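Under the working numbering, the first residue of the sequence shown carries the number 558, and numbering increases by one thereafter. Reviewing the structure listed below.
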Amino acid sequence: MIKSILFDLDGTFCDTANDLIETANQVYTNNNKSTISYEKGREIASDGINAFLNLRFDKNNDDYVSLSNEFLDIYQGSFLNNAVLFDGILDILQILDKKDINWGIVTNKARHFSEKILIHNGLINKCSVLMCGDDIGFEPKPSPDLLIEACRILDINTKDTIYVGDGHRDILAAKSSEIKSVLASYGYLKKTDLIENWNPDYIINKPIEILELDFFSLDNSLS
């Protein structure tokens, strides 16, 4: 029986791509680099700030740290401008609440931004656990550290939860922690991603399909 659902944040729970892309393009423009399209930016949004920087700048360049700080400074003032929950997420959370099933977020995103996004959406007090990529003492995904710690906090066995994410690192982290993995194909996937080789336990094309998966035999219905 599933006792909790853990979600990745960017590209799975919340659509944050627009703000990342707009920030990246501002940094590019400020430094005389060409901008990128929304489509291209969406493909790398799940990989975070460094993915955007590496697209236009040499990470071995002496200016890389200052470019990273510039990106963060701009993003700090805009990361809530366009961030929205994916359609169906609130419906899922309402049903989980009715069934007394905990849910939480396990993300490589920094805690400062993650908490603000949950607060912005009125969900910070409903989220049973939040593990972030900059939490001290834990390796970010694809390490299983964050997922295992989330289960420890919830006092549940890893086999009694599922993890929903849109990246290969999410599937790897879930498998390493013996958690059922659900690939969110609606997220920030690249055209070149061979998701069939990732071997997720399940694949969903939209959030609400989580409720249609076979492990939800809870009380015969989730409606």
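Each residue gets a CB set at the ideal place from its N, CA and C atoms; glycine is no exception. Predicted, not measured: the structure shown is a model, and the values here were computed from it.
C-beta atoms of residue i and residue j nearer than 8 Å
i	j	result
LEU624	VAL686	no
ALA667	PRO701	no
PRO764	GLY645	yes
ASN626	SER561	no
PHE636	ASP572	no
PRO697	LEU703	yes
ALA581	PHE614	no
TYR743	SER603	no
ILE652	LEU566	no
Same chain only: Cβ atoms within 8 Å of residue i, ignoring 5 sequence neighbours per side
i	result
LEU629	ILE606
PHE772	ILE559, ILE719 and LYS737
LYS748	GLU600
Sequence-distant residues of the same chain with beta carbon closer than 7 Å to residue i, five excluded per side
i	result
PRO757	ILE728, SER738, VAL739 and LEU740
ILE710	VAL686
GLU706	MET688 and PHE695
For residue j and residue i, believed in contact at Cβ under 8 Å, the rounded distance
i	j	result
ASN639	ASN575	4 Å
ILE767	ILE761	6 Å
THR664	GLY690	6 Å
Check: residue i C-beta below 7 Å from any heavy atom of the ligand PLP
i	result
LEU768	No copy of the ligand PLP appears in this structure; indeed no ligand is present at all.
DSSP state of residue i mapped onto helix, strand, coil
i	result
ALA730	helix
THR664	coil
ALA707	helix
THR749	coil
THR580	helix
PHE570	coil
GLY694	coil
PHE636	coil
ILE593	coil
LYS655	helix
ASN575	helix
TYR743	coil
Sequence-distant residues of its chain with Cβ nearer than 6 Å to residue i (five each side left out)
i	result
PHE564	PHE570, ILE662 and VAL721
LEU770	TYR759
SER553	This structure gives no information on residue 553, because the portion of the chain shown stretches from 558 to 780.
PRO699	ARG726, LEU729 and ALA730
For residue j and residue i, the rounded distance between their alpha carbons
i	j	result
ASN617	ASN611	10 Å
ILE649	LYS655	10 Å
THR586	SER671	27 Å
ASP619	GLN633	23 Å
ILE681	GLY694	23 Å
TRP755	ILE713	26 Å
GLY724	ASP750	9 Å
LYS716	ASN589	50 Å
LEU577	GLU735	32 Å
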